[in-house]
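Sequence lines, in order, name chains R and P.
Here the first sequence is numbered in full-length UniProt numbering, starting from 1 and rising by one per residue.
Here the second sequence is numbered in full-length UniProt numbering, starting from 1 and rising by one per residue.
Glycine residues also receive a C-beta, built at the ideal position from the N, C-alpha and C atoms.
Because the structure is a prediction, the values reported are computed rather than measured.
Only one structure is covered here, and it is reproduced in the block below.
Protein chains: 2
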Amino acid sequence: MRFGSFMDRALEEARGAGARGEVPVGAVLVGREGDVIAAAGNRTREQSDPTAHAEMLVIRAAAKRLGSERLTGCDLYVTLEPCAMCAAAIAAARIGRLYYGAADPKSGGVAHGARVFSHPQAHHVPEVYDGIGAGEAADLLRAFFADRR
Amino acid sequence: MRFGSFMDRALEEARGAGARGEVPVGAVLVGREGDVIAAAGNRTREQSDPTAHAEMLVIRAAAKRLGSERLTGCDLYVTLEPCAMCAAAIAAARIGRLYYGAADPKSGGVAHGARVFSHPQAHHVPEVYDGIGAGEAADLLRAFFADRR
């Protein structure tokens with residue numbers, strides 16, 4: 001299935017992030033034609049930037065590449081439930097569909113905590129599909145944090 | 001009062017953003033010694049970046065300047081209530097105090113909507129002071145949107 005291969009690419013980015021010592025989360029931004037516009041893993045440590053989550057990096061890269069602050073009709077694949085920051089950026093960018101892997105009860109902002117898309121103020125709400133590649137995404141995170149303890 | 005002059009600086013940045021055709025919101029990031037580390041107005045249009053809110057720009061610039069993804073003990077002054085994206089970035093950056101001007105019932109994520117700091121999941125909650133320079137901040141926004149109608 002198509003969405004499976006995009007999530008595979010996101011998982012690759014997550015592994016790359018882990019290898020760099022970053023929390024292993026990866027994201028892929030797919031354009032209206034089904035083309036990968038941007039792919040990234042977390043780089044908060046490397047860039048000394050608390051906003052450099054994988055989702056933010058692909059949104060920024062794709063918006064720059066398309067020359068528009070709106071990514072209407074584009075899809076985002078990410079290995080972990082986005083936090084509130086990333087969820088709100090997804091809404092601001094008018095992303096059409098959000099596919100994510102593992103749930104994040106601790107820091108997620110879609111199905112947990114701030115539940116950014118679940119308020120009357122939400123200007124734009126993407127279609128949300130969760131659980132895709134969740135097992136592998138969660139394993140990567142578990143192994144990463146186990147190594148650090 | 002000290003916080004008044006930092007908010008004046010944020011209002012200056014907001015006016016500058018409006019003059020560039022951006023939504024007139026400005027922010028200032030103040031370090032532990034009371035020094036301005038970064039100041040910015042919105043640049044979402046200019047940079048084709050939906051994440052380029054004033055708050056995000058000063059957080060990113062300050063984190064880069066200090067070489068750390070955490071801005072512990074720093075204060076953020078912004079002319080408008082932060083949205084959910086910016087509020088979550090403020091938490092991620094461990095900013096100590098948030099001073100904001102006008103309330104934003106439509107897009108705010110602190111006292112409205114997602115109320116990012118009001119969930120058990122919030123890892124870090126800054127002290128929040130609202131209403132500082134609110135009249136001038138709101139006037140700037142009203143004039144900007146009136147011109148566009």
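Inset, instruction - Pick out whichever of P:V30, P:T51 and P:N42 has its Cα sitting closest to the Cα of A63 (chain P). - result: On the second sequence, position 63 is the one that residue 63 (chain P) refers to. Checked all of P:V30, P:T51 and P:N42; the closest Cα to A63 (chain P) is P:V30.
Legend entry - chain P within 7 Å of R20 (chain R), Cβ atoms only: Taking the first residue of the first sequence as position 1, residue 20 (chain R) is located at position 20. No - not a single Cβ of chain P is within 7 Å of the one on R20 (chain R).
Legend entry - Rounded separation between E127 (chain R) and D35 (chain P) - CA only: Taking the first residue of the first sequence as position 1, residue 127 (chain R) is located at position 127. Taking the first residue of the second sequence as position 1, residue 35 (chain P) is located at position 35. If I take the Cα positions, the gap works out to 44 Å.
Legend entry - Partners in chain R for R70 (chain P), counting only beta-carbon separations shorter than 8 Å: The sequence position of residue 70 (chain P) within the second sequence is 70, counting from 1. Within chain R, the residues near R70 (chain P) are P50.
Legend entry - CB contact check: H119 (chain R) to chain P, cutoff 7 Å: As a first step, residue 119 (chain R) is located in the first sequence; it is residue number 119 there, counting from the start. It does: the Cβ of H119 (chain R) has a partner Cβ on chain P nearer than 7 Å.
Inset, instruction - Give a yes or no on whether 7 Å exceeds the smallest Cβ distance from A61 (chain R) to chain P. - result: The residue labelled residue 61 (chain R) in the question sits at position 61 within the first sequence. So, not an interface residue.
Legend entry - Residue environment, P105 (chain R), which counts as buried when at least 16 other CB atoms sit within 10 Å: Along the first sequence, one-based indexing puts residue 105 (chain R) at 105. That one is exposed.
Legend entry - Neighbour flag for V116 (chain R) against chain P, beta carbons, 7 Å: Within the first sequence, numbered from 1, the residue matching residue 116 (chain R) stands at position 116. Answer yes: the Cβ-Cβ gap between V116 (chain R) and chain P drops below 7 Å somewhere.
Legend entry - Simplified DSSP state of L140 (chain R), which is helix, strand or coil: Walking along the first sequence from the start, residue 140 (chain R) turns up at place 140. Note: L140 (chain R) maps to helix in three-state DSSP.
Legend entry - Environment of T44 (chain P) [buried if 16+ CB atoms lie within 10 Å]: Numbered from 1 along the second sequence, position 44 holds the residue referred to as residue 44 (chain P). Counting Cβ neighbours within 10 Å, T44 (chain P) comes out buried, since at least 16 surround it.
Inset, instruction - State whether the region 118-126 of chain R contacts the region 4-14 of chain P, with contact taken as three or more CB pairs (one from each stretch) at a distance under 8 Å. - result: no
Inset, instruction - Flag T44 (chain P) as yes if its beta-carbon sits less than 7 Å from any beta-carbon of chain R, otherwise no. - result: In the second sequence, residue 44 (chain P) corresponds to position 44, counting from 1. Yes, T44 (chain P) lies at the interface with chain R (some Cβ there is under 7 Å from its Cβ).
Inset, instruction - Would you check if there are 3 or more beta carbon pairs closer than 8 Å linking the region 131-147 of chain R to the region 16-32 of chain R? - result: With the cut-off at 8 Å, the region 131-147 of chain R and the region 16-32 of chain R touch.
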